[in-house]
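**Student:**
In my numbering, the protein residues as written are 1 to 121.
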């Protein structure tokens with residue numbers, strides 16, 4: 001259980017592209033005997049939300065961790081303006097709780113203006 005907790009603590013809460021508009025997923029990560037943790041992953045290379053989920057699940061599995069997808073959406077990251085907007089949904093996974101995603105992003109980007117909306121695809 002100590003190892004699972006350690007592995008879990010090493011998983012970054014947020015990994016997103018530095019700029020652009022791209023899909024994102026909100027994942028719940030679990031390790032044996034450790035409390036679950038929610039993480040955000042968003043990248044422009046992903047054609048589908050499932051691509052983000054599968055790639056992350058593979059990485060986590062190597063550390064003995066599992067994850068489930070809580071939903072998805074899109075991120076608009078305008079680094080020059082220090083703004084991130086969270087919106088939209090995933091056809092396959094449904095809409096992530098954008099409020100949770102926003103809190104995670106605020107912790108990672110404290111000097112940013114971060115907004116969210118349930119509208120849009």
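For glycine and all other residues, C-beta sits at the position ideal for the given N, C-alpha and C.
Are the region 103-116 and the region 44-60 touching, with three or more C-beta to C-beta distances below 8 Å?
**Tutor:** The region 103-116 is not in contact with the region 44-60.
**Student:** Would you kindly report the start and end of the unbroken beta strand (DSSP E) that includes residue 22?
**Tutor:** Within the chain shown, residue 22 is the residue found at index 22, counting from 1. Taken as a continuous stretch (DSSP letters only), the beta strand (DSSP E) holding residue 22 covers 20-30.
**Student:** Mind checking which residues open and close the alpha helix (DSSP H) that includes residue 55?
**Tutor:** Within the chain shown, residue 55 is the residue found at index 55, counting from 1. Looking at the DSSP string, the run of the alpha helix (DSSP H) that includes residue 55 is 49-61.
**Student:** Tell me which residue opens and which closes the alpha helix (DSSP H) that residue 65 is part of.
**Tutor:** Residue numbering aside, residue 65 sits at position 65 when the chain shown is read from its first letter. First-last for residue 65: undefined, no H or E at that position.
**Student:** So the beta strand (DSSP E) residue 91 belongs to, where does it begin and stop?
**Tutor:** Counted from its first residue, the chain shown places residue 91 at position 91. Looking at the DSSP string, residue 91 is not in any beta strand (DSSP E), and its letter there is neither H nor E.
**Student:** Is it buried or exposed, residue 91, if we count other Cβ atoms within 10 angstroms and call 16 or more buried?
**Tutor:** The sequence position of residue 91 within the chain shown is 91, counting from 1. Label assigned to residue 91: exposed.
**Student:** Helix or strand or just coil, what does DSSP make of residue 81?
**Tutor:** Working through the chain shown from its first residue, we reach residue 81 at position 81. Here residue 81 sits in coil by DSSP.
**Student:** Name the two residues that bound the continuous beta strand (DSSP E) containing residue 113.
**Tutor:** In the chain shown, the residue the question calls residue 113 occupies position 113. Per DSSP, residue 113 belongs to the beta strand (DSSP E) from 113-116.
**Student:** Starting from residue 40, follow the beta strand (DSSP E) in both directions and report where the run begins and ends.
**Tutor:** Against the chain shown, residue 40 aligns to sequence position 40. Note, residue 40: beta strand (DSSP E), 37-43.
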